[in-house]
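The structure under discussion appears below in the form of structure tokens.
Take a look at the structure:
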């Protein structure tokens, strides 16, 4: 009985934790940046892979779909508050992929964005 | 006599604890913590506005400093007007000498690594440029 109960607890703890892992494994730029505030989550998180793939919620997403998501996000969440877009790029990916994404987001009406970074080890 | 008997009985009752299940549970908890503990570095971010190539910092009459990020055979260069910085320190020295009011606009050549753009954004932030924007190049 105890075994079964603990197995169930562990199952639910594991599955709830995995549900939070929305972010893809990306080699982010190593920069100090500023600490991400827990109370101010980005409305949209877009990852850029080294080969130019865009990921939203860990799924490869076409630029046209990202544009559509940004437009609908701005229409609903953006009223009276800043629509925060967090871009998590691979640090070695060419700038053209970032430019394509930002051009599309600008056309959708996005004016501000943040780039995700990892603070260098040792704080340097 | 009676007290000793009761103590013995209680002791034997405790001894009947199911140890096999207990070990199972302990191992499962161990596995759970091994699986869920993460050694990932905490993420941080750099903020910037975004503007079209035609301009966009309309509130200011001053022209922002434009930092061009260029990939070269030796690595990366940051071009600010006629000045060229080949490292973070050189870029810091150039930006430190320029007026902050107009802000800084960063743009990059198609093949420049995004990591170098992040460096330019970081240095501009560290040097106290409040208005920071990124200018994506049109295709």
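Protein chains in written order, with this note's numbering: chain W, 7 to 130; chain U, 902 to 1040. Cβ atoms here follow ideal geometry from the backbone N, Cα and C, with glycine treated the same way. Note that this is a predicted model, so its numbers are computed, not measured.
- Looking from the CA of residue 52 of chain W, the closest CA among W/41, W/124, W/120 belongs to W/120.
- In this structure the segment 64-77 of chain W does not lie against the segment 964-974 of chain U, because fewer than three pairs of beta carbons, one per stretch, are closer than 8 Å.
- If you compare the alpha carbons of U/929, U/934, U/942, U/946 with that of residue 1019 of chain U, the shortest gap goes to U/946.
- For residue 81 of chain W, the closest alpha carbon among the candidates W/114, W/61, W/108 is that of W/114.
- In the DSSP annotation of this structure, the continuous segment of the beta strand (DSSP E) that includes residue 1007 of chain U starts and ends at 1005-1009.
- Interface flag for residue 41 of chain W against chain U is set, since a Cβ pair is found closer than 7 Å.
- For residue 12 of chain W, the chain U residues whose Cβ falls inside 7 Å of its Cβ are 926, 929, in order along the chain.
- Its chain contains 989, 992, 993, 996 as the residues whose beta carbon lies nearer than 7 Å to that of residue 1024 of chain U, once the 5 sequence neighbours on both sides are disregarded; these appear in chain order.
- Here DSSP, grouped into helix, strand and coil, assigns residue 964 of chain U to coil.
- In the displayed model, residue 122 of chain W falls within a strand according to three-state DSSP.
- The beta-bridge partner set that DSSP reports for residue 65 of chain W consists of W/62.
- Taking CB atoms only, residue 124 of chain W has a neighbour in chain U less than 7 Å away.
- With respect to residue 933 of chain U, residue 32 of chain W sits apart: the two C-beta atoms are not nearer than 7 Å.
- For residue 976 of chain U, DSSP records a beta bridge to U/973.
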